[in-house]
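Here the structure is laid out as structure tokens; the discussion comes afterwards.
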Amino acid sequence: MSDKNKIIIFDTTMRDGEQSPGASMSLEEKIQISRVFDELGVDVIEAGFPIASPGDFEAVTEISKILKNSVPCGLARATKKDIDACKDSLGHAKKFRIHTFISTSPLHMKHKLNKSPEEVLEAIKESVSYAKKFTDDVEWSCEDGTRTDMDYMCRSVELAIKSGATTINIPDTVGYSVPSEFKTIIETLLNKVPNIDKAILSTHCHNDLGLAVANSLAGVMAGARQIECTINGIGERAGNAALEEVVMAMKTRNDLMPYTTGINTKLISKASKVVSNATGFPVQFNKAIVGKNAFAHESGIHQDGMLKNRNTYEIMTPESVGVKQTSLVMGKHSGRHAFKDKLTSLGYKDVTDDVIESAFGKFKILADKKKHVYDEDIIALVDDSLIIDNKVNAINLKSLKVYAGTGEPQKAEMILDVYGDIKNAAETGDGPVDAIFKCIKKLYPHDVKLQLYQVHAVTEGTDAQATVSVRIEENGKTTVGQAADTDTLVASANAYINALNKMIIKRDKTAPGQTTEQSFEQKVRGI
Ligand code: KIV
Ligand code: ZN
Numbered sequence: 258m259s260d261k262n263k264i265i266i267f268d269t270t271m272r273d274g275e276q277s278p279g280a281s282m283s284l285e286e287k288i289q290i291s292r293v294f295d296e297l298g299v300d301v302i303e304a305g306f307p308i309a310s311p312g313d314f315e316a317v318t319e320i321s322k323i324l325k326n327s328v329p330c331g332l333a334r335a336t337k338k339d340i341d342a343c344k345d346s347l348g349h350a351k352k353f354r355i356h357t358f359i360s361t362s363p364l365h366m367k368h369k370l371n372k373s374p375e376e377v378l379e380a381i382k383e384s385v386s387y388a389k390k391f392t393d394d395v396e397w398s399c400e401d402g403t404r405t406d407m408d409y410m411c412r413s414v415e416l417a418i419k420s421g422a423t424t425i426n427i428p429d430t431v432g433y434s435v436p437s438e439f440k441t442i443i444e445t446l447l448n449k450v451p452n453i454d455k456a457i458l459s460t461h462c463h464n465d466l467g468l469a470v471a472n473s474l475a476g477v478m479a480g481a482r483q484i485e486c487t488i489n490g491i492g493e494r495a496g497n498a499a500l501e502e503v504v505m506a507m508k509t510r511n512d513l514m515p516y517t518t519g520i521n522t523k524l525i526s527k528a529s530k531v532v533s534n535a536t537g538f539p540v541q542f543n544k545a546i547v548g549k550n551a552f553a554h555e556s557g558i559h560q561d562g563m564l565k566n567r568n569t570y571e572i573m574t575p576e577s578v579g580v581k582q583t584s585l586v587m588g589k590h591s592g593r594h595a596f597k598d599k600l601t602s603l604g605y606k607d608v609t610d611d612v613i614e615s616a617f618g619k620f621k622i623l624a625d626k627k628k629h630v631y632d633e634d635i636i637a638l639v640d641d642s643l644i645i646d647n648k649v650n651a652i653n654l655k656s657l658k659v660y661a662g663t664g665e666p667q668k669a670e671m672i673l674d675v676y677g678d679i680k681n682a683a684e685t686g687d688g689p690v691d692a693i694f695k696c697i698k699k700l701y702p703h704d705v706k707l708q709l710y711q712v713h714a715v716t717e718g719t720d721a722q723a724t725v726s727v728r729i730e731e732n733g734k735t736t737v738g739q740a741a742d743t744d745t746l747v748a749s750a751n752a753y754i755n756a757l758n759k760m761i762i763k764r765d766k767t768a769p770g771q772t773t774e775q776s777f778e779q780k781v782r783g784i
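Everything in the sequence shown is counted per the numbering used here, starting at 258 for the first residue and increasing by one.
In structure tokens, the structure reads:
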């Protein structure tokens, strides 16, 4: 691939991005972002608007001291004091860029600048040549470019280049253009401006109509070789073209857009997170490339396709943008194939088709009621189905007698059927439930941790049926047992035995050492 197809990535997250209401970043945050951008491979970092505030001046100064690869840049209106602030703050870097701009649309010249077109041309000449005294790398922008008269734009671009600009940026300041029009603007400049070969044309598109990325790419296809963009697409009003989208569009559709960038795309996700944390702007779930759902699939048809061949529903890999793995989210649209795959990922092996069918049926009912079906929900469903499938329990309560009340140490006498052997035991304990659990442990020696013991009354009144839940844990695997009885102590014994019976089956049916506590998301994302 020759250099003529290399696209310069100019990031303006810390200048135009910071102009989003509420997106201001501290000096420390800007330094952290700059280090990530430097590593990411951004060619030019517009670090701020140095004249705008002492904070901006300081940020541009500090950033220009630390960049190793990226070229720092500062923004300046067409005035000497703005350009001086740029040179004073950027001067710490070996190489730096000054970006100066002035409006060229009739609307802006008349109502904003109160200048005639000739006066604006004079300002272009003065500002660009003044900036050129301090650096070879001068960029000039015609603000509100897409609403500028084309002949006037050609004249001003020619003059900016003659005065020393090496990059000419065409902003769609108000996000008004459409791809075909933007393409024509770039083509016209390339065809009509006599000295255009001495400069690189650049795009700077805002997203008011949701077309910032499309317009930027149209500009590149017409011959622009720099894109100005921001991470997560932040920026004035509806934002700027998103860096991650333009870069991944060119990479993924390289057949149609045979351009290269210096971006290490594997760092895109990291850059997105750093910017989101610094600005406090969350990334929308369905945001292209960096949204939480960008590589998540819930529908059964899609999950099935993904499991057969990920190309069916993925045009780029999550790994290519630094996301560890695709996530198959279990919800009401998920199908059997994904459910089976989920069971495997949770460590269940040799589970019969009957168990899968029964658990899948219960899962569909639950998913209809619940927005999020967690791994723990699925584990409970499968464990229930396993115990039903197993038909015969390893341990069964035959009889229980409990001595409770004041004055006496609480005592339980129990007969259990353990794998067909009838065994009995008597134990005292710290309360009747403790005595019961000790009897079970004596008759069926085991080493599990009791994680939860809960009693609920199903109905009101002293004759209420009690439901007892018990959760136990063994080597990272957990099971939950439940039982109901009008006698709370009988329900307690049965709930504990139920949890143990599930654990006995689970030891067999799940992979050794598999922890069921780690969520699927954690597992697929490797965190
Ligand atoms: O949108 C715009 O016109 C700008 C210029 C300052 C380049 O941000
Ligand atoms: Zn802008």
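C-beta: ideal position from N, C-alpha, C; glycine also.
May I ask you to report which of helix, strand or coil DSSP gives E285?
-> helix
Out of curiosity, what's the CA-to-CA distance linking G312 and L284?
-> 8 Å
Quick one: does the C-beta of H463 sit closer than 7 Å to a heavy atom of the ligand ZN?
-> yes
Kindly examine the ligand MG and report whether one of its heavy atoms sits closer than 7 Å to the Cβ of T736.
-> With respect to the ligand MG, the structure shown offers nothing to examine, as its ligands consist of the ligand KIV and the ligand ZN.
Compute every distance between the C-beta of G305 and the non-hydrogen atoms of the ligand ZN, then say whether any falls below 7 Å.
-> no
Report buried or exposed for T270, applying the criterion of at least 16 other Cβ atoms within 10 angstroms of its Cβ.
-> buried
Can you find at least 3 beta carbon pairs, one from the stretch 689 to 707 and one from the stretch 727 to 735, that sit closer than 8 Å?
-> With the cut-off at 8 Å, the stretch 689 to 707 and the stretch 727 to 735 touch.
Leaving out the 5 sequence neighbours to the left and right, which residues in its chain are closer than 6 Å to F596 when beta-carbon positions are compared?
-> F617
Looking at C-beta atoms only, is the number of pairs between the stretch 577 to 591 and the stretch 509 to 528 that lie closer than 8 Å three or more?
-> yes
Supposed close pair A651, N758 - CB separation, criterion 8 Å | With 8 Å as the limit, A651 and N758 qualify as a contact, their Cβ atoms being about 6 Å apart.
Answer yes or no: do P428 and S398 have a C-beta to C-beta separation smaller than 8 Å?
-> Using a Cβ distance threshold of 8 Å, P428 and S398 count as a contacting pair.
Spatial distance of Y387 from I340 (CA atoms) = 8 Å
Per the contact definition of three or more C-beta pairs closer than 8 Å, is the stretch 689 to 696 in contact with the stretch 662 to 674?
-> yes
Could you give the residue range of the alpha helix (DSSP H) that holds N751?
-> Residue range T745 to K766 is occupied by the alpha helix (DSSP H) that includes N751.
State the start and end residues of the unbroken beta strand (DSSP E) segment that holds D268.
-> I265 to D268
Are the beta-carbon atoms of N497 and N464 separated by less than 8 Å?
-> yes
Determine the DSSP secondary structure at E670, reduced to helix, strand or coil.
-> strand
Using only the heavy atoms of the ligand KIV, determine whether one of them is closer than 7 Å to the beta carbon of P428.
-> yes
Where A506 sits in the DSSP three-state scheme = helix
Under the criterion of a Cβ to heavy atom distance below 7 Å, does S398 qualify as lining the ligand KIV?
-> Under cutoff, so the answer is yes.
Whole angstroms is fine: what's the gap from G467's alpha carbon to I546's?
-> C-alpha separation (whole angstroms): 16 Å.
Contacting residues, own chain, Cβ-Cβ under 7 Å from T767 (five flanking each side not counted) | If the five residues before and after T767 are omitted, its C-beta is found closer than 7 Å to the C-beta atoms of G604, Y605, K606 and K734, all from its own chain and listed in chain order.
F542: buried (16+ other C-beta within 10 angstroms of its C-beta) or exposed?
-> exposed
Going by beta carbon distance, what residues of the same chain come within less than 7 Å of Y570, once the five residues before and after it are set aside?
-> H554, H559, G562 and M563
Does the beta carbon of D358 fall short of 7 Å from some heavy atom of the ligand KIV?
-> The displayed chain sequence assigns Phe, not Asp, to residue 358. Correct: F358 has its Cβ closer than 7 Å to the ligand KIV.
Coil, strand or helix - A789 by DSSP = With the chain covering 258 to 784 only, the question about residue 789 has no answer from this structure.
N-terminal and C-terminal residue of the beta strand (DSSP E) that H559 is part of = Unbroken run through H559 is the alpha helix (DSSP H), G557 to K565; no beta strand (DSSP E).
Is there contact between the stretch 273 to 280 and the stretch 434 to 443, where contact requires at least three CB pairs shorter than 8 Å?
-> no
Tell me whether K261 sits in a helix, a strand or coil according to DSSP, three-state version.
-> Helix.
Is H629 helix, strand or coil by DSSP?
-> coil
Alpha-carbon to alpha-carbon, R272 and E286 | 13 Å
Whose CA, out of K549, K322 and I443, lies closest to the CA of P575?
-> K549
Less than 7 Å between the CB of N550 and some heavy atom of the ligand ZN, yes or no?
-> no
Are the Cβ atoms of F552 and N489 separated by less than 8 Å?
-> In terms of Cβ geometry, F552 and N489 do not form a close pair [threshold 8 Å].
Nearest-angstrom Cα distance between H365 and G305?
-> 23 Å
Can you tell me which of the three DSSP states S362 falls into?
-> coil
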